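Take a look at the structure set out below.
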Amino acid sequence: MESPSITDKNKMVMHYECPENHLTTGDTPYPSRALDLWLLAVGKVLKVDDVISDYFAKQQRRG
Numbered sequence: 030m031e032s033p034s035i036t037d038k039n040k041m042v043m044h045y046e047c048p049e050n051h052l053t054t055g056d057t058p059y060p061s062r063a064l065d066l067w068l069l070a071v072g073k074v075l076k077v078d079d080v081i082s083d084y085f086a087k088q089q090r091r092g
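The sequence shown begins at 30 in my numbering and counts up by one.
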């Protein structure tokens with residue numbers, strides 16, 4: 030989402046936001062940085078590291 034900066038209304042910034050407003054990232058002038066922040070935030074909420082670790086642990090037990 031692109032919107033005016035809170036500190037400088039003449040400056041446009043980017044941030045990612047859940048459609049239900051449950052999660053949003055901080056503002057940044059760079060779209061790629063906004064995506065990085067979003068992926069970090071979602072990863073923390075979903076505990077992606079735990080999911081990946083569990084997946085590989087299950088694969089090792091099967092193999």
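Glycine included, every Cβ here is placed at the ideal spot set by N, Cα and C. In this text, all values refer to a predicted model and were calculated from it rather than measured experimentally.
Item                                                                                                                                               : Value
Along the chain, where does the alpha helix (DSSP H) containing E33 start, and where does it finish?                                               : One detail in the question is off: residue 33 reads as Pro in this sequence, not Glu. Run containing P33: none in the alpha helix (DSSP H); it sits in the beta strand (DSSP E), 31-33.
Quick one: residues in its chain with C-beta nearer than 7 Å to the C-beta of G55, no 5 flanking neighbours on either side, listed in chain order? : H44, L66
Apart from the five residues on each side of it in sequence, which residues of its chain come closer than 8 Å, Cβ to Cβ, to D37?                   : none
Which residue wins for smallest C-alpha separation from C47, given the options K87, V74, D83?                                                      : V74
Who does E46 pair with in a DSSP beta bridge?                                                                                                      : T53
Taking the alpha carbon of A70 as the reference point, which residue from Y59, F85, K40, H51 has its own alpha carbon closest?                     : H51
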